[in-house]
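Note that the working numbering has the sequence shown beginning at 12, numbered continuously upward.
Glycine included, every Cβ here is placed at the ideal spot set by N, Cα and C.
Inspection log for the structure reproduced underneath, given as structure tokens.
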Amino acid sequence: MDTAHAWTQLLDALGTVHAGTSEAAAVRGLFTALDTGTAPPGTLRAALRDPVIGAYALRALEERGEEADPVQVPTSARALRVLDALPAKKGPLESRRAAFDATAAAWPGGSAALVRAMAEADRHEAERVLGPLGIALP
């Protein structure tokens with residue numbers, strides 16, 4: 012099996028396969044453990060359009076200094092990357108809420124649009140992270 016094919020299979024397993032399940036966030040978290048420096052750039056570029064890990068692939072390409080088109084990354088993937096980066100159950104509630112508010116202020120459409128995108132992309136994780144902040148899901 013060639014490297015590109017192996018990476019494609021791996022990224023597919025981290026992407027949409029587990030979307031909408033209670034373990035989806037944990038599976039996405041595996042992406043951060045990968046040494047994406049060995050992934051073929053074309054394979055990462057193909058993953059940009061993945062509705063789950065597209066934003067992770069974009070970041071991996073950017074960190075390597077590779078060209079990548081951020082317009083290809085779906086809103087759902089961008090929302091999941093933001094959701095996964097929020098400090099869930101770590102630190103004081105006020106600082107966790109401040110982190111969300113700062114991110115939401117820069118999101119197109121503001122906090123309501125961000126919460127809606129997060130809930131549509133991964134309701135389980137959105138409830139777990141946003142619920143304690145007093146943020147109700149649509």
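Residue i burial status per 10 Å Cβ neighbour count (16 or more: buried)
i, result
"Ala116", "exposed"
"Glu136", "buried"
"Pro103", "exposed"
"Gly40", "exposed"
"Gly76", "exposed"
"Val28", "exposed"
"Asp61", "buried"
"Ala153", "Outside the shown range of the chain (12 to 149) lies residue 153, about which nothing can therefore be said."
"Asp95", "buried"
"Gly121", "exposed"
"Gly128", "Note that residue 128 is Ala in the sequence shown, not Gly. Buried is the call here."
"Gly65", "buried"
"Leu148", "exposed"
Whole-angstrom C-beta distance between residue j and residue i, which should lie under 8 Å
i, j, result
"Ala50", "Ala71", "7 Å"
"Ala110", "Pro98", "6 Å"
"Val63", "Leu91", "6 Å"
Among the options, the one whose alpha carbon lies nearest that of residue i
i, options, result
"Thr54", "Gly26, Val28, Thr32 and Leu22", "Leu22"
"Asp112", "Arg134, Arg92 and Leu141", "Leu141"
"Val93", "Glu74, Glu73 and Asp133", "Asp133"
"Glu34", "Leu69, Gly145, Ile146 and Arg139", "Arg139"
"Gly26", "Pro52, Asp13 and Ala68", "Ala68"
"Lys100", "Thr114, Ala37 and Leu144", "Leu144"
"Ala124", "Ile146, Glu105 and Arg107", "Ile146"
*Just checking, does the segment 41-49 make contact with the segment 80-93 on the three C-beta pairs under 8 Å criterion?*
no
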